[in-house]
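This report refers to the structure that appears directly beneath it.
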Amino acid sequence: MITLRGLTKRYGDKTAVDGLSLEVAAGKVTGFLGPNGAGKSTTMRMIVGLDHPSAGEALVGGRRYAGMPRPIREVGALLDAGSVHPGRSARAHLVAMARSNGIPLARVDKVLGLVGLESVAGRRVGAYSLGMRQRLGIAGALLGDPGVLMFDEPVNGLDPDGVLWVRRLMRGLAAEGRTVFVSSHLMSEMQLTADRLVVLGRGRLLTDAPMAEVIARG
Ligand code: ADP
Ligand code: ADP
Numbered sequence: 060m061i062t063l064r065g066l067t068k069r070y071g072d073k074t075a076v077d078g079l080s081l082e083v084a085a086g087k088v089t090g091f092l093g094p095n096g097a098g099k100s101t102t103m104r105m106i107v108g109l110d111h112p113s114a115g116e117a118l119v120g121g122r123r124y125a126g127m128p129r130p131i132r133e134v135g136a137l138l139d140a141g142s143v144h145p146g147r148s149a150r151a152h153l154v155a156m157a158r159s160n161g162i163p164l165a166r167v168d169k170v171l172g173l174v175g176l177e178s179v180a181g182r183r184v185g186a187y188s189l190g191m192r193q194r195l196g197i198a199g200a201l202l203g204d205p206g207v208l209m210f211d212e213p214v215n216g217l218d219p220d221g222v223l224w225v226r227r228l229m230r231g232l233a234a235e236g237r238t239v240f241v242s243s244h245l246m247s248e249m250q251l252t253a254d255r256l257v258v259l260g261r262g263r264l265l266t267d268a269p270m271a272e273v274i275a276r277g
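For the sequence shown, the working numbering gives the first residue as 60, with consecutive numbering after it.
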C-alpha cells in the first residue's frame, strides 16, 4: 500500500505537486489521470524514491523515503522507457539490474517471457521500437517480483495487441493482491483498467473515488 501525506514538489517558484494526500490500496488497479504537466510523473518518482519531496511524505508499506530509490524487490516502476543504454541488449540490461539488486538471474528469462521479448532479448535496445522499449520497461518493473507496481503511461507506443496485453497484465497483478498504480492522460484508458480513479490537475487532487462512482456521476 502507498500513503501520500501532503506530498509536495516545487521546482523554483513552480509547484509541480501540491499537498497531495491519498492512499493507494493493494489488490486493485488505481488509475492516476491528469493532463500532461499535471504532476503525475513527479508524484510517481517521489513514491519510488527517485526524487525528494519539498514537503510532505510518501510511504510505501508504511516505510518512509530513506533518501535513495526503493529496492526494486519492493517497488517496481515503469517511469521512462527511454532511459535504457541503447548499446546494450535487453537481456544484458535486465541481468545488470538483477545483479545489482540481488535478484536471481532466473528471473531475467522469466520476465522476458512475461513481456514477450524472449526472441529479441539479444538485440541492442537502440534498435527496438517504442513498443518493445515499453515492454522492456515493464520487464524491469516486474523483475524484482515487487508487491507495489507503478506504471507511467504504460500503453504509450504499444500496438493494439500490446495495449490489450498491458490491460490484462495490470488486472492480473492486482488480482494477485499487488498494489498497482497506473497513470494516463486518457479517461477512456482509465475506464478500461482502473477500479479506483485519482484525478490530478496542476499538482492538486481533484477526485479520489471508485471508478463506478465516477462513471455514475457522469
Ligand atoms: P505529468 O507526468 O502529469 O505530465 P510531470 O510530473 O512530468 O507531469 O510535470 C509536472 C510539472 O513539473 C510540469 O510543469 C513540468 O514541466 C514540471 N517539472 C517536472 N520535472 C521538472 C524538473 N526536473 N525541473 C523543473 N520542472 C519540472
Ligand atoms: P544505472 O544502471 O544507469 O545507474 P539504475 O540502476 O538507477 O540506473 O536503474 C536501472 C534501471 O532501473 C533504470 O531503467 C531505472 O529507471 C530503473 N529503476 C531505478 N529504480 C527503480 C525502481 N525502484 N523500480 C523500478 N525501476 C527502477
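Every residue gets a Cβ at the ideal spot worked out from N, C-alpha and C, and that includes glycine.
Contact under 9 Å by Cβ, residue i with residue j
| i | j | result |
| --- | --- | --- |
| T252 | R276 | no |
| L217 | G185 | no |
| S148 | R182 | yes |
| L232 | L195 | no |
| E212 | S188 | no |
| R278 | A85 | What the structure shows of the chain is the stretch from 60 to 277, and residue 278 is not part of that stretch, so it cannot be assessed. |
| V170 | A151 | no |
| E82 | T62 | yes |
Proximity to residue i [Cα-Cα], best of the options
| i | options | result |
| --- | --- | --- |
| G260 | M127, M60, G78, R64 | G78 |
| D72 | L81, D254, S113 | S113 |
| F240 | P269, F210, S188 | F210 |
| N95 | M270, M246, V273, A268 | M246 |
| V174 | N160, G221, P163, G203 | G221 |
| Q250 | T238, P269, R64, L264 | P269 |
| W224 | H244, Q193, T238 | Q193 |
| T266 | R166, S80, G121 | S80 |
| V119 | H144, P145, M60, R166 | M60 |
| L228 | H111, R122, G172 | G172 |
Alpha carbon of residue i to alpha carbon of residue j, nearest angstrom
| i | j | result |
| --- | --- | --- |
| R230 | K68 | 30 Å |
| V258 | I131 | 26 Å |
| G115 | P205 | 24 Å |
| Y124 | L109 | 10 Å |
| L264 | P219 | 31 Å |
| E133 | I162 | 12 Å |
| R129 | T238 | 15 Å |
| H244 | R64 | 23 Å |
| M127 | M105 | 10 Å |
| L66 | S178 | 42 Å |
| L176 | Y70 | 38 Å |
| D168 | A97 | 36 Å |
| G146 | R166 | 22 Å |
| T111 | H144 | Sequence check: residue 111 is His here, not Thr. Distance between the alpha carbons of H111 and H144: 25 Å. |
| R122 | A234 | 23 Å |
| A180 | A271 | 40 Å |
Cβ separation of residue i and residue j, assumed to be a contact under 8 Å, to the nearest whole Å
| i | j | result |
| --- | --- | --- |
| R107 | L153 | According to the sequence shown, residue 107 is Val rather than Arg. Rounded, the Cβ-Cβ distance is 18 Å, inconsistent with contact. |
| K280 | G93 | There is no way to answer for residue 280, as the model of the chain reaches only from 60 to 277. |
| A75 | G262 | 6 Å |
| A136 | A200 | 5 Å |
| E248 | V273 | Their Cβ separation, rounded to whole angstroms, is 14 Å, which puts E248 and V273 out of contact at 8 Å. |
| G90 | N160 | Not really, about 28 Å apart at Cβ, beyond 8 Å. |
| A157 | L164 | 6 Å |
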